[in-house]
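Chemist: The opening position of the sequence shown corresponds to residue 1 in UniProt numbering, with each subsequent residue numbered one higher.
All residues carry an ideal CB built from backbone N, CA and C; glycine is no exception.
Bear in mind the structure is a predicted one, so any value in this text is a computation, not a measurement.
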Amino acid sequence: MANGGDLTATGASIEQESPVVPPPPRRRFTPPRRRVDLTEENQSLLNSFRSSAALTPQETATCTQSLFRLMTSSDASQFRELVTARNENGSNRMQDLLGRTDDLDNFFLIAILRRFFDVMCDGDSSRVALRGMRVFSQEKRAAMYDHLLCDAVNLACDADGYVVLNEIIDDSDPRSFYGGRLLYVVARNAQQLSDHAFGSRVVQRVLQLNDLRCTRDVAVSLRGHCVFLSLTKYGSYVVEMLLDTEEEAVMVADELLWGCNGEKLALLARNEFGSFVVLKALRVTREMYRRDLLGFWWISSCPLFITCGFHGRVRAFLYSL
Numbered sequence: 001m002a003n004g005g006d007l008t009a010t011g012a013s014i015e016q017e018s019p020v021v022p023p024p025p026r027r028r029f030t031p032p033r034r035r036v037d038l039t040e041e042n043q044s045l046l047n048s049f050r051s052s053a054a055l056t057p058q059e060t061a062t063c064t065q066s067l068f069r070l071m072t073s074s075d076a077s078q079f080r081e082l083v084t085a086r087n088e089n090g091s092n093r094m095q096d097l098l099g100r101t102d103d104l105d106n107f108f109l110i111a112i113l114r115r116f117f118d119v120m121c122d123g124d125s126s127r128v129a130l131r132g133m134r135v136f137s138q139e140k141r142a143a144m145y146d147h148l149l150c151d152a153v154n155l156a157c158d159a160d161g162y163v164v165l166n167e168i169i170d171d172s173d174p175r176s177f178y179g180g181r182l183l184y185v186v187a188r189n190a191q192q193l194s195d196h197a198f199g200s201r202v203v204q205r206v207l208q209l210n211d212l213r214c215t216r217d218v219a220v221s222l223r224g225h226c227v228f229l230s231l232t233k234y235g236s237y238v239v240e241m242l243l244d245t246e247e248e249a250v251m252v253a254d255e256l257l258w259g260c261n262g263e264k265l266a267l268l269a270r271n272e273f274g275s276f277v278v279l280k281a282l283r284v285t286r287e288m289y290r291r292d293l294l295g296f297w298w299i300s301s302c303p304l305f306i307t308c309g310f311h312g313r314v315r316a317f318l319y320s321l
């Protein structure tokens with residue numbers, strides 16, 4: 001897949017493609033949190049979490065009791081200060097408490113679900129949530145997935161949330177109930193997400209699973225929109241990935257090469273991003289031994305090529321036929 005600089009119009013150079021280099025993610029602006037003065041007991045608890053030293057069984061029991069009192073307290077700000085601790089050691093220590101007792105997991109679950117989107121968009125706090133999704137009981141994992149399905153699109157469009165969502169997608173089994181539902185939500189919203197700087201990466205991650213049903217669902221969602229997406233930076237990445245799939249390449253290539261009127265085709269072939277997609281579609285057509293269709297396309301497009309001109313990389317390929 002390639003969206004890069006121009007290639008020279010020689011037969012030898014048309015096979016070269018610039019690697020896809022996604023833009024660096026922009027960091028979300030996070031306003032400073034209002035400082036909360038922890039009680040002496042809660043400050044001691046936080047210090048225990050942040051300490052790199054292993055806790056003794058007695059210290060673990062003391063921390064669990066303090067955490068229980070904290071979670072059942074009416075002062076939510078104290079627990080929020082603890083559960084969203086940004087320190088790496090503190091976050092990892094918090095993860096160690098998950099899955100030990102059902103009662104403790106219940107309190108963690110309630111706290112996470114209260115601020116689910118914020119937790120999932122924070123690097124350290126999200127690790128606690130992801131740990132819970134792996135070790136909680138099936139009922140608790142289901143509750144977290146219900147929230148995830150509702151927030152999936154918003155997470156996909158967030159500079160930090162999409163990273164966490166992609167990690168969940170990597171762990172998802174397309175054949176499982178919730179894994180399949182999550183992948184379907186992404187595929188169903190593929191048109192919206194594909195044209196987004198971060199959402200496009202989530203759609204690409206779904207396609208990288210190489211699951212036939214997921215790939216088909218994405219292709220169906222994008223049917224009729226491939227030309228528009230090919231003209232955009234992030235959308236063109238997704239269209240090129242579909243052209244790389246054995247199952248959907250013909251459908252996408254036909255939409256691009258045969259479904260366009262002359263004006264759209266000329267626009268696509270001259271566009272900085274669209275020309276790469278057209279080149280990919282032409283190569284797919286050639287590699288699938290559809291030279292008869294390729295020749296017919298060239299004959300029918302020749303007048304358009306003469307009057308409008310195509311991008312150099314497309315022109316070089318056509319001259320090589």
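Counting only the same chain and skipping the five closest in sequence on each side, list residues whose C-beta sits under 6 Å from that of A53.
Modeler: Taking the first residue of the sequence shown as position 1, residue 53 is located at position 53. Nothing meets the Cβ criterion.
Chemist: If you run the structure through DSSP and keep just helix, strand and coil, what is D96?
Modeler: Position 96 of the sequence shown, counted from the start, is the residue given in the question as residue 96. Here D96 sits in helix by DSSP.
Chemist: Give the range of the alpha helix (DSSP H) segment to which R205 is assigned.
Modeler: Numbered from its first residue, the sequence shown carries residue 205 at position 205. From DSSP, the alpha helix (DSSP H) with R205 extends over 199-207.
Chemist: Just the Cα atoms here: how many angstroms apart are F117 and K233?
Modeler: The residue given as residue 117 occupies position 117 in the sequence shown. The residue given as residue 233 occupies position 233 in the sequence shown. Going by the C-alpha atoms only, they are around 28 Å apart.
Chemist: Taking the alpha carbon of T285 as the reference point, which residue from L267, F273, E263, T245 has its own alpha carbon closest?
Modeler: The residue given as residue 285 occupies position 285 in the sequence shown. The option with the nearest alpha carbon to T285 is T245.
Chemist: Using 8 Å as the Cβ pair cut-off and three pairs as the minimum, do the stretch 129-147 and the stretch 156-163 touch?
Modeler: No: fewer than three Cβ pairs fall under 8 Å.
Chemist: With respect to the alpha helix (DSSP H) encompassing N106, which residues constitute its N-terminal and C-terminal limits?
Modeler: Position 106 of the sequence shown, counting from 1, holds the residue named residue 106. Residues 102-114.
Chemist: What residues in its chain sit with their C-beta under 7 Å from that of F198, if we drop five residues either side in the sequence?
Modeler: As a position in the sequence shown, residue 198 is number 198, starting the count at 1. P25, A156, C157, D158, A159, Y162, listed in sequence order.
Chemist: Please state the DSSP three-state secondary structure of T245.
Modeler: Counted from its first residue, the sequence shown places residue 245 at position 245. Note: T245 maps to coil in three-state DSSP.
Chemist: Pick out whichever of M120, V128, V203, S66 has its Cα sitting closest to the Cα of D151.
Modeler: Walking along the sequence shown from the start, residue 151 turns up at place 151. Here the closest residue by C-alpha is M120.
Chemist: Using 10 angstroms around the beta-carbon of L97, count the other beta-carbons present and answer buried if the total reaches 16, otherwise exposed.
Modeler: The residue labelled residue 97 in the question sits at position 97 within the sequence shown. With 16 or more other Cβ atoms within 10 Å, it is buried.
Chemist: For G224 and V135, what's the separation of their Cα atoms in angstroms?
Modeler: Residue 224 sits at position 224 when you count from the first residue of the sequence shown. Residue 135 sits at position 135 when you count from the first residue of the sequence shown. So the two alpha carbons sit approximately 42 Å from each other.
Chemist: Between which residues of its own chain and residue 323 is the CB-CB distance below 7 Å, once the five residues before and five after are set aside?
Modeler: Past the edges of the chain, shown from 1 to 321, lies residue 323, and the structure says nothing about it.
Chemist: CA-CA distance, S221 and T215?
Modeler: For the purposes of this step, residue 221 is identified with residue 221 of the sequence shown, where counting begins at 1. For the purposes of this step, residue 215 is identified with residue 215 of the sequence shown, where counting begins at 1. In a straight line, the C-alpha of S221 is about 10 Å away from that of T215.
Chemist: Give the secondary structure of R175 by DSSP, where H, G and I count as helix, E and B as strand, and everything else as coil.
Modeler: The count along the sequence shown starts at 1 and reaches residue 175 at position 175. Correct three-state label for R175: coil.
Chemist: Look at the Cβ atom of L193, then the Cβ atom of E167, and state whether they are nearer than 9 Å.
Modeler: Stepping through the sequence shown from its first residue, residue 193 is reached at position 193. Stepping through the sequence shown from its first residue, residue 167 is reached at position 167. No, these two residues do not count as a Cβ contact at 9 Å.
Chemist: Helix, strand or coil for C214 per DSSP?
Modeler: In the sequence shown, the residue the question calls residue 214 occupies position 214. Residue state, collapsed to three classes: helix.
Chemist: Spatial neighbours of F108 within its chain, please: CB distance less than 7 Å, with the 5 preceding and 5 following residues excluded, ordered by chain position.
Modeler: For the purposes of this step, residue 108 is identified with residue 108 of the sequence shown, where counting begins at 1. The residues are L98, G132.
Chemist: Buried or exposed: which applies to F177, given that a residue is buried once 16 or more other Cβ atoms fall within 10 Å of its Cβ?
Modeler: The residue given as residue 177 occupies position 177 in the sequence shown. By the 10 Å Cβ count, F177 comes out exposed.
Chemist: Determine the DSSP secondary structure at G180, reduced to helix, strand or coil.
Modeler: Position 180 of the sequence shown, counting from 1, holds the residue named residue 180. Of the three classes helix, strand and coil, the one that applies to G180 here is helix, per DSSP.
Chemist: Residue 326 and L212 look like a contact to me (Cβ under 8 Å); what is the Cβ gap, rounded to whole Å?
Modeler: For the chain, the structure presents residues 1 to 321; residue 326 sits outside this window and is missing.
Chemist: In the DSSP assignment, find the alpha helix (DSSP H) that holds D124 and state where it starts and stops.
Modeler: As a first step, residue 124 must be located in the sequence shown, where it is residue number 124. From DSSP, the alpha helix (DSSP H) with D124 extends over 123-135.
Chemist: Contact defined as beta carbons within less than 8 Å: I believe Q65 pairs with T39. What is the distance between those atoms, to the nearest angstrom?
Modeler: Taking the sequence shown and counting its residues from 1, the one referred to as residue 65 is at position 65. Taking the sequence shown and counting its residues from 1, the one referred to as residue 39 is at position 39. Contact doesn't hold; Cβ gap of about 14 Å is too wide.
Chemist: Of the choices L67, V239, L209, F273, whose alpha-carbon is the least far from that of A219?
Modeler: By 1-based counting over the sequence shown, the position of residue 219 is 219. For the residues L67, V239, L209, F273, the minimum Cα distance to A219 belongs to V239.
Chemist: Hey, quick one: how far does the alpha helix (DSSP H) through residue 322 stretch, first residue to last?
Modeler: This structure leaves residue 322 out entirely; the chain is present only between 1 and 321.
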